[in-house]
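Colleague: Going by UniProt numbering, the first residue of the sequence shown is number 1, and it counts up by one from there. My structure is below; once you've seen it, I'll send some questions.
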Amino acid sequence: VFWLTLRNIRGRKLRYALTTLAVVLGVAFMSTSFFLTDRIRDTFDELAVDITGDLDLVVRTAVGEGDRINRLPVPDDLLEVVNTDIPGVAAVAPLIRAWNVIPITVDDEGQPEAVTTQGAPQFGLNYFDIEPLTQ
Numbered sequence: 001v002f003w004l005t006l007r008n009i010r011g012r013k014l015r016y017a018l019t020t021l022a023v024v025l026g027v028a029f030m031s032t033s034f035f036l037t038d039r040i041r042d043t044f045d046e047l048a049v050d051i052t053g054d055l056d057l058v059v060r061t062a063v064g065e066g067d068r069i070n071r072l073p074v075p076d077d078l079l080e081v082v083n084t085d086i087p088g089v090a091a092v093a094p095l096i097r098a099w100n101v102i103p104i105t106v107d108d109e110g111q112p113e114a115v116t117t118q119g120a121p122q123f124g125l126n127y128f129d130i131e132p133l134t135q
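Below is the structure:
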């Protein structure tokens with residue numbers, strides 16, 4: 001069988017070369033795809049760490065109480081409980097987040113008007129200036 005294989009390779013050199021090239025290109029494509037996928041995942045992980053910083057705990061309502069993106073807010077009294085009753089908590093910052101937000105601007109007469117946007121859906125976040133969370 002081995003000698004038959006060698007004889008077929010010698011007899012069909014172009015077919016053998018093209019088959020070898022196809023296998024090499026396929027392996028290179030798959031390796032590159034896996035590498036880029038892992039690198040993109042690592043980039044998003046690093047971005048999440050850069051955004052949240054030294055964040056250790058997130059308290060939010062269950063998924064069943066609202067839709068997956070716009071959850072119901074956490075009760076205000078829970079913020080005080082987390083801030084005072086849990087040892088080691090440096091700061092508490094409530095985050096308000098909403099999707100499909102329509103930006104509004106004020107025109108020359110002082111009247112609000114919607115800003116037309118194109119592209120990805122708009123979202124809004126509140127800004128907080130709590131020293132331990134902004135360093």
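Built from N, CA and C at the ideal position, the CB exists for glycine as well.
Does the Cβ of valine 92 have 16 or more other Cβ atoms within 10 Å, making it buried, or fewer, making it exposed?
Modeller: Result: buried.
Colleague: Classify arginine 71 as helix, strand or coil using the three-state DSSP reduction.
Modeller: Of the three classes helix, strand and coil, the one that applies to arginine 71 here is coil, per DSSP.
Colleague: With H, G and I counted as helix, E and B as strand and the rest as coil, what does DSSP make of isoleucine 104?
Modeller: DSSP places isoleucine 104 in strand when its eight states are reduced to three.
Colleague: Helix, strand or coil for arginine 15 per DSSP?
Modeller: Note: arginine 15 maps to helix in three-state DSSP.
Colleague: Among Phe35, Leu57, Thr20, Arg12, which one has its Cα closest to the Cα of leucine 95?
Modeller: It is Leu57 whose Cα lies nearest to the Cα of leucine 95.
Colleague: Rounded to the nearest angstrom, what separates isoleucine 102 and glutamine 111 at their Cα positions?
Modeller: Rounded to whole angstroms, isoleucine 102 to glutamine 111 spans 15 Å at the Cα level.
Colleague: Beta-carbon within less than 8 Å of aspartate 50's beta-carbon, same chain only, minus the 5 sequence neighbours each way: which residues are those?
Modeller: For aspartate 50, where only same-chain residues beyond five positions count, there are no Cβ hits under 8 Å.
Colleague: Among Asp85, Ile86, Leu55, Arg97, which has the Cα closest to the Cα of proline 73?
Modeller: Checking every option, the nearest Cα to that of proline 73 belongs to Arg97.
Colleague: Return yes when the Cβ of valine 23 is within less than 9 Å of the Cβ of valine 59, no when it is not.
Modeller: No, these two residues do not count as a Cβ contact at 9 Å.
Colleague: Apart from the five residues on each side of it in sequence, which residues of its chain come closer than 7 Å, Cβ to Cβ, to leucine 79?
Modeller: Hits under 7 Å: Val92, Pro94.
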